[in-house]
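Comments concern the structure below.
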Amino acid sequence: MKRVKATTRVQRPTVEEMGLNAGKRTRLKRLLYHFGPGNGTLLFLPVDQGLEHGPRDFFANPESLDPDYELRLARDGGYSGIVFQIGIAEKHLGTFAGDVPLVLKLNGKTDIPPDKSPLSPLLASVEDAVRLGADAIGYTLYVGSPIQEADFVQFRGVRQEAERLGMPVIVWAYPRGEAIEARGGRDGLYAVDYAARVSVELGADVVKLNVPKLDREKAKASPKPYNDLDMSEEDAIAKVIRSAGRAMVLFSGGEKVSDDELLKKARSTMAAGATGLIFGRNIWQRPHADAVSITRQMKEIMQEFMA
Amino acid sequence: MKRVKATTRVQRPTVEEMGLNAGKRTRLKRLLYHFGPGNGTLLFLPVDQGLEHGPRDFFANPESLDPDYELRLARDGGYSGIVFQIGIAEKHLGTFAGDVPLVLKLNGKTDIPPDKSPLSPLLASVEDAVRLGADAIGYTLYVGSPIQEADFVQFRGVRQEAERLGMPVIVWAYPRGEAIEARGGRDGLYAVDYAARVSVELGADVVKLNVPKLDREKAKASPKPYNDLDMSEEDAIAKVIRSAGRAMVLFSGGEKVSDDELLKKARSTMAAGATGLIFGRNIWQRPHADAVSITRQMKEIMQEFMA
Amino acid sequence: MKRVKATTRVQRPTVEEMGLNAGKRTRLKRLLYHFGPGNGTLLFLPVDQGLEHGPRDFFANPESLDPDYELRLARDGGYSGIVFQIGIAEKHLGTFAGDVPLVLKLNGKTDIPPDKSPLSPLLASVEDAVRLGADAIGYTLYVGSPIQEADFVQFRGVRQEAERLGMPVIVWAYPRGEAIEARGGRDGLYAVDYAARVSVELGADVVKLNVPKLDREKAKASPKPYNDLDMSEEDAIAKVIRSAGRAMVLFSGGEKVSDDELLKKARSTMAAGATGLIFGRNIWQRPHADAVSITRQMKEIMQEFMA
Amino acid sequence: MKRVKATTRVQRPTVEEMGLNAGKRTRLKRLLYHFGPGNGTLLFLPVDQGLEHGPRDFFANPESLDPDYELRLARDGGYSGIVFQIGIAEKHLGTFAGDVPLVLKLNGKTDIPPDKSPLSPLLASVEDAVRLGADAIGYTLYVGSPIQEADFVQFRGVRQEAERLGMPVIVWAYPRGEAIEARGGRDGLYAVDYAARVSVELGADVVKLNVPKLDREKAKASPKPYNDLDMSEEDAIAKVIRSAGRAMVLFSGGEKVSDDELLKKARSTMAAGATGLIFGRNIWQRPHADAVSITRQMKEIMQEFMA
Amino acid sequence: MKRVKATTRVQRPTVEEMGLNAGKRTRLKRLLYHFGPGNGTLLFLPVDQGLEHGPRDFFANPESLDPDYELRLARDGGYSGIVFQIGIAEKHLGTFAGDVPLVLKLNGKTDIPPDKSPLSPLLASVEDAVRLGADAIGYTLYVGSPIQEADFVQFRGVRQEAERLGMPVIVWAYPRGEAIEARGGRDGLYAVDYAARVSVELGADVVKLNVPKLDREKAKASPKPYNDLDMSEEDAIAKVIRSAGRAMVLFSGGEKVSDDELLKKARSTMAAGATGLIFGRNIWQRPHADAVSITRQMKEIMQEFMA
């Protein structure tokens, strides 16, 4: 078994070295330095689960069904931005406009039809995002899907429009499909690492990844050398950040976990070189005071990792 | 079994908080306050069954085959608007123009080909609706259909054109497809609740829903927590209205039922927080005098629920 | 068995009540009053069988292979118009232009590939029709086809262009597909009645239908109440005309039949309320003199039914 | 001198005979029957003087500087609609949307540069009007201006877009230019009569005219037979209404006059066959209560002239 | 002489009542509350004099020739934004992007050709502004210019694109031309008051005005009632703010004056109801420390006028 040790924590990409045009640079720097932790890191509150999973995610905290609840959280907690689909953004930004930066998620789908050939269709355009005053757009890319081609082509259009209008592109990079499952699974290092690199190759400015799960048994099905790596979780996180290169990396929180686990994940990913966190259910499934309090603790951790 | 009690009736969204542009606001307020009950509620007469089901629906009342019959009903009953497909609107609005507001249904299909992968193709554009002087457009969205992606993309185009031209968007939100049937069926709370949220996420201003049917046996196949909820019908209605958020909710009448059942449905849905009703066959399958009389009774009920 | 009696012959729609713009009205009135019978009825000579069936249809009368033959017939017989595909129209209208009104058929196909999912692709545009001086366009719609969606979308484009350019739209409404066969067949009352209504819902100004065939055994497979109707042929014809509403109805002749049968069909459909006839092979498979003679007899019948 | 007597009051054009498409008909009927006097006449409140004359017109009643003042007047007085330029409409329609119909004036200018070759440039499009939910658009046409050509061409674009989108066109028909002055002046019967006809020739649905001033001395410079007509004012008014044909005629109020003169003008123009009145300064230069009171008196007069 | 007294300071328009779409609202609120004084007022640093006047304006402080000098000033002084033409913005925003909001001036000209018919041509588009991440665009409108028509038409295009992309529109409203000079001059109350109203009528969200100069002698040439008004400077300032209605008003500094005069102007305009100040030469013609110091004093004054 190959023992791989990441010698140093990965250096976060700086806005200056990312080769961004003026608009992307302006908007990204605003998110990095004028909202959220304000030290060059990013903390986003994603609220697209109502579409992706349905209202079932809101039962844990019935107040969370109302997007104003999350907007208040984002404002009171001081997030870098909130992530909405077009319909919610249009109807709820209202008086929060200007105070809570918007990341408009451009594509999305329900989890109802079978998931064998996932493709998340475009529900809005970059121009919609501009009209709403958004500071970035989000796009879900299913790396490895049997209809990955359609996804790549759809993304090309988004990237080009985003380039023209100076809008930073955040890619939700999700390995999916039978072939992925056959090579160690969607959360294996092989899959996440590949998805990270695909995203930056295709033009992401920021990539949202899941923390890779190190399951040696499942990893045996991965292509070389992933089938035979001996890596700590911290090194695996650093590895996928490194694969994302000059795209900034965000890690997601996934399903709700305990406070300790949450803060541990925040620290370990930031320590490895992540630029930020994007935690949804772990935040808004809590009551307001509790959510603001855990946010404060997360931000304290993030302050240690000034970019 | 989880006993869930909706503590209060849902607050109807107001036009002011819906984030609408001037044209949408003007047209929607005209429907809410200058036609129909006139107290901020909506009462629509849908006449798209000739396309969706074929002429068989008109046998119960042969006069109803002539769209002028429904136009007279809408005028004499004082409806907020009538729903037509493009061909009927073009040929029949005639002297009723200006007296009966038009909701132009933009997509539609027959019920002849197999319904496994339903998609309702566009038969008209928002610009057609503007040219006809319509005050809103209607769109049927099949949530959960295996070709949901194509539906979402088609809807995006409609939403953007409607935004550009200031035209309110009414979504007929219909859960459909094998996966829906496998999770409790198209009328289950899970399905209707999800469809409500999908509609507002994608940009509906008004959503037409069916009253959810509470069948504990079928619901066991639904995802958590829907598989184990103990909810009254009223609370279930309030739940789906709440999931629609800042989109106004209309409930449909479905097949013809008795007067008592009809009025009971009108009362229970309005009491739960619906903004309006969209009853077709239950109205125009009756003779004119009878239809106008039941309409009067429905409107008396609606008067109790000033928005 | 439900005995249904149409109490009166259906009233033909008048041009005035059809809601047509000036161009459509001008062209349609020219066809109704300045050519053909000239009393507000329509008599068309369709010549699209060379594409739809191939040259085999012309063997019965070899002269008919030359479109000039049909043009002479149309002129000498005094037809309301002749129906051609674009290539024939371009090459043959020549000196007949102005004397024989043209209906340009916009879509068409061969009968060579399997017919399970029929769709008739566009071969010409409404603008082609304008350029050729046509007075109407024709479109074949396969109601019930498994790919009905694509057909509906294609037709939307035609309807919108025809509206913009003031060109009357004649729909060849053909029920087709497995699902239609499973519900009583393409010529059953259920199928023809539905096709009539679909056409007017989608925006036809004139609909070409086949006379429904009353086969009680096959009709049992139709949806209610069609599975249990006891109707005379005349009443069935009146029924489908009524379902077409404010679209004028033409009946087709189909394969060649005897003189008596032909004239009987002309009389019975006109008596039931049809606006006109569209007979092809029954006319041009005859020698010129014979064809002109039977045309004269048909027109005498049509004179009895001044619209 | 030729004595010309109009034998009867002119018949107002009906919406039905105006050849309007469905959208124009819907919007115009709404203005005629659902707002304002409601009997088929029109009463508009124009508020474009802030642009055309500058704020000096608001000194007489300082409150009138705030467009909300005029909106309240239009609502409380029950006007058929209010006339605004785009900037005022965007910022003030607000909560009045749906309650006070909007006529969006599409062109406009200041009175600062010399007026020898007047042309009022387009400040907004018909699509802007649709987006704002307007029920008609307004256009100032300078008949006789040395650069009349540019005006006609500019109007053609407006007319075509209005036709496509079903928006009624109201033309402010103003005779202007040296050549007009040389033929009896801008208010002479020759000039107003010609302007009325030009407007309908070019495609106006409604024309705003000034009451012609009968000055025999000045009229001598008019072309035959205007140089030698002996006509009462009532007949002159009837004459220009007749020249406007199937365009409805509105008369303007001009500078503020006494109550008696105002009501006399309302009666005489309506009696002659005008469809409505468009009085601005005469209304909003009064305090609210006074303005609502005179409006009530005007509407009582208009009630005598049901169209 | 008419003594006119403005009874109260004008109420600043709030973002909420301005009828802005989400993008305009977001960007404007960012300028009002997240940069500059941060209390709902605006303080801009304009740097377009290099084009409008040429490099002569930079001699007073040679450092000011380098746009980085003004960018540092804007950042260190905490301005709401800096105003640049496209070329300077492209080349200098660099590392300041995100820290100093950009107002992209879309049109501009030199002062070399004779100024009789001024028109400031478009040098960039709203889309350029979006691409650069600007938060507003600027447009110079020459009210009263003999070629005012071309200016109005050009502005329409800008307004429509800004509406579509959600970009606030700041109008530099400059009375100009012979006719203006003949009516009291470009700085007379008549001229400035008219320019304020024209800007809001045409669709400005923010208007930059010069403080009107009260010269009774020159004012005699103004139209009534401006020719005979007795108004204090404060009341005159309040008057033009009131004429701008729901457009926010900025006052310019003009040529460099003494510290006292500058601060007095800041106080008097803010006290009268201005939303902000736009002082260029008065700031950047000073050395850095001096400029930052005077800016601090200005902002202290602005803090007294929380909007």
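Which chain is which? The protein sequence lines are A, B, C, D and E, in order.
Residue 166 in the numbering used here sits at position 166 of the first sequence, and the numbers go up by one each step.
Residue 442 in the numbering used here sits at position 135 of the second sequence, and the numbers go up by one each step.
Residue 832 in the numbering used here sits at position 218 of the third sequence, and the numbers go up by one each step.
Residue 1191 in the numbering used here sits at position 270 of the fourth sequence, and the numbers go up by one each step.
Residue 1377 in the numbering used here sits at position 149 of the fifth sequence, and the numbers go up by one each step.
The C-beta atom is built at its ideal place from N, Cα and C for all residues, glycine as well.
Cutoff 8 angstroms: residue i Cβ touching any chain E Cβ
i: D/His1013; result: yes
i: D/Arg977; result: yes
Simplified DSSP state of residue i, which is helix, strand or coil
i: A/Phe251; result: strand
i: E/Gly1278; result: helix
i: D/Pro976; result: helix
i: D/Ile1068; result: coil
i: B/Lys412; result: strand
i: B/Leu536; result: strand
i: B/Thr633; result: Within the shown structure, residues of chain B are numbered from 308 to 614, placing residue 633 of chain B beyond reach of any answer.
i: C/Ala835; result: coil
i: E/Gly1394; result: coil
i: E/Ile1465; result: helix
Integer-rounded CB distance, given that residue j should sit under 8 angstroms from residue i
i: D/Pro976; j: E/Ser1471; result: 5 angstroms
i: E/Asp1386; j: E/Tyr1367; result: Note on residue identity: the sequence assigns Val, not Asp, to residue 1386 of chain E. With a Cβ gap of about 6 angstroms, E/Val1386 and E/Tyr1367 count as contacting.
i: A/Asp312; j: A/Leu20; result: For chain A, the structure presents residues 1 to 307; residue 312 of chain A sits outside this window and is missing.
i: D/Val1170; j: D/Val1128; result: 5 angstroms
i: A/Ile147; j: A/Ser117; result: 5 angstroms
i: D/Leu1183; j: D/Gly1174; result: 7 angstroms
is_contact[residue i, chain A] using C-beta, thresh 8 angstroms
i: B/Gln455; result: yes
i: B/Pro408; result: no
i: E/Gly1251; result: yes
i: B/Phe558; result: no
Minimum Cβ-Cβ distance from residue i to chain B less than 8 angstroms
i: A/Asp76; result: no
i: A/Lys109; result: yes
i: C/Val820; result: no
i: D/Thr962; result: no
Within-8 angstroms CB hit, residue i to chain D
i: B/Lys412; result: no
i: E/Ser1471; result: yes
Cβ-Cβ distance between residue i and residue j below 8 angstroms
i: B/Leu496; j: D/Val1051; result: no
i: A/Arg12; j: A/Thr275; result: yes
i: D/Gly999; j: D/Gly961; result: no
i: B/Leu439; j: B/Ala469; result: no
i: C/Arg790; j: C/Ser813; result: no
i: D/Glu1225; j: D/Ser1189; result: no
i: D/Ala1193; j: D/Met1219; result: no
Which residues DSSP lists as bridging residue i, in chain order
i: E/Trp1400; result: E/Thr1368, E/Lys1436
i: A/Phe279; result: In DSSP, A/Phe279 forms no bridge with anything.
i: C/Asp807; result: None; C/Asp807 has no bridge partner.
i: A/Ile82; result: A/Leu45, A/Leu102
i: A/Leu65; result: BP columns for A/Leu65 are empty, so no partner.
i: D/Leu953; result: Paired residue(s): none; D/Leu953 is not in a bridge.
i: A/Leu122; result: A/Asn107
Any non-hydrogen atom of the ligand FMN within 7 angstroms of residue i CB
i: B/Pro594; result: By its list of ligands, the structure shown contains no ligand whatsoever, and the ligand FMN lies outside what it can speak to.
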